[in-house]
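Residue numbers are given in the working numbering: position 138 of the sequence shown equals residue 138, and the series is strictly consecutive.
Everything on this sheet refers to the single structure shown next.
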Amino acid sequence: MENKKTVRIALTKGRIEESAIDIFQAAGIDCSQLLNKGRKLIFRNEDCNIEFVLVKAADVLTYIEHGVVDIGIVGKDTLMEQNKKFYEVLDLRFGCCKFSVAGPKNSNFYQGYNKKKIATKYPNVARDYFRKTGQDVEIIKIEGSVELAPILGLVDAIVDIVETGSTLKENGLTVYEDICSISARMIVNVASIKMKKDEIEEIIEKVQREVKRREEITED
Ligand code: PRP
């Protein structure tokens with residue numbers, strides 16, 4: 001009898017959770033238990049030897065790096081911010097948004113010689129970007145609702161995720177420049193890809209086929 005090893009998959013709670021469940025379902029990997037999950041955090045699918053866990057974005061990488069989770073579904077924003085070890089195997093093409101520099105409308109962000117202050121939940125991303133563009137800035141870490149920081153006069157601008165743009169708009173802010181595009185990614189623990197090669201490759205292939213199928217539909 002075939003002796004399949006259990007693969008543990010971490011899904012990021014929140015924004016991309018629904019799309020992640022949807023793509024696994026469409027790829028033929030049943031995770032319907034997660035649709036009526038209540039407060040439960042771990043779900044086992046005995047038929048295909050897969051265990052799903054629901055965790056916060058940053059924790060996906062911690063579990064992956066320590067090898068207690070084999071596969072993670074997480075946003076590129078989190079991957080860029082955290083310097084962790086993993087293989088990025090698939091761009092899932094959902095959860096699409098961008099990193100932008102934004103601030104109050106009608107402000108002269110690029111004028112003057114004073115060192116500009118930047119608020120962000122992503123200090124590493126912001127630091128890297130301004131280093132590359134040769135702008136000397138002071139970064140201030142904020143945990144959420146970063147849009148408030150320039151409104152209250154704490155900073156000149158923010159580096160944040162922009163999806164629909166409505167949070168910026170409703171708070172009188174505008175994009176100054178875009179940094180890069182972001183989407184959800186599938187990542188794999190570096191040891192798991194060898195130890196559970198067949199099981200993990202099967203999952204990657206199934207999901208990749210579904211990503212391609214969706215792409216073909218949108219191209220038509
Ligand atoms: C993110 C981001 C913006 C908002 C952008 O915040 O930090 O605030 O979404 O989305 P929009 O362009 O569609 O308006 P999130 O909802 O994750 O909450 P947080 O700021 O409390 O982390």
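Here a beta-carbon is modelled for each residue, glycine too, at the ideal position from N, C-alpha and C.
Exercise. Grab me the residues of lysine 116's own chain with a C-beta within less than 6 Å of its C-beta, minus the 5 sequence neighbours each way, in chain order.
Key: On the sequence shown, residue 116 is found 116 positions in, with the first residue counted as 1. Taken in chain order, the residues that qualify are Val137, Asp156.
Quiz item: In terms of alpha-carbon separation, which member of Val162, Gln82, Gly67, Gly153 lies closest to arginine 127?
Solution: Counting from one through the sequence shown, the residue named residue 127 turns up at place 127. Considering only alpha carbons, the answer is Gln82.
Quiz prompt | Other residues of its chain near valine 146: CB distance less than 7 Å, five sequence neighbours each side excluded | solution = Looking up residue 146 in the sequence shown gives position 146. Result list for valine 146: Ala119, Thr120, Lys121, Ile158, Asp160, in chain order.
Self-check item: Backbone secondary structure at tyrosine 176 - three-state DSSP
Solution: The count along the sequence shown starts at 1 and reaches residue 176 at position 176. In this structure, tyrosine 176 counts as strand in the three-state DSSP scheme.
Self-check item: Nearest to glycine 28 (by Cα), restricted to the options Glu219, Tyr110, Gln208
Solution: On the sequence shown, residue 28 is found 28 positions in, with the first residue counted as 1. Measuring from the Cα of glycine 28, the nearest candidate turns out to be Gln208.
Self-check item: Any non-hydrogen atom of the ligand PRP closer than 7 Å to valine 162 Cβ
Solution: Here residue 162 refers to the residue found at position 162 of the sequence shown. True, at least one ligand heavy atom lies under 7 Å from that Cβ.
Quiz item: If you run the structure through DSSP and keep just helix, strand and coil, what is lysine 194?
Solution: What you label residue 194 is simply residue 194 of the sequence shown in a count that begins at 1. Judged by DSSP in its simplified three-state form, lysine 194 adopts helix.
Quiz item: Below 8 Å between beta carbons: does that hold for phenylalanine 86 and cysteine 180?
Solution: The residue given as residue 86 occupies position 86 in the sequence shown. The residue given as residue 180 occupies position 180 in the sequence shown. Not in contact: phenylalanine 86 and cysteine 180 (Cβ atoms no closer than 8 Å).
Quiz item: Does any C-beta atom of chain B lie closer than 8 Å to the C-beta of valine 7?
Solution: Protein chains in the displayed structure number just one, and chain B is not present.
Self-check item: Contact between the stretch 43-62 and the stretch 164-175 (3+ Cβ pairs under 8 Å)
Solution: no
Self-check item: Close Cβ partners of phenylalanine 130 (< 6 Å) along its chain, the five nearest in sequence each way excluded
Solution: Translated into the one-based positions of the sequence shown, residue 130 becomes position 130. Closer than 6 Å at the Cβ level, and outside the excluded window around phenylalanine 130, lie Val137.
Quiz item: Alpha carbon to alpha carbon, what distance is there between isoleucine 182 and leucine 79?
Solution: On the sequence shown, position 79 is the one that residue 79 refers to. On the sequence shown, position 182 is the one that residue 182 refers to. Our two residues, leucine 79 and isoleucine 182, have alpha carbons roughly 10 Å apart in a direct line.
Self-check item: Contacting residues, own chain, Cβ-Cβ under 6 Å from phenylalanine 94 (five flanking each side not counted)
Solution: Position 94 of the sequence shown, counted from the first residue, corresponds to residue 94. Same-chain partners within the cutoff: Ser19, Ala184.
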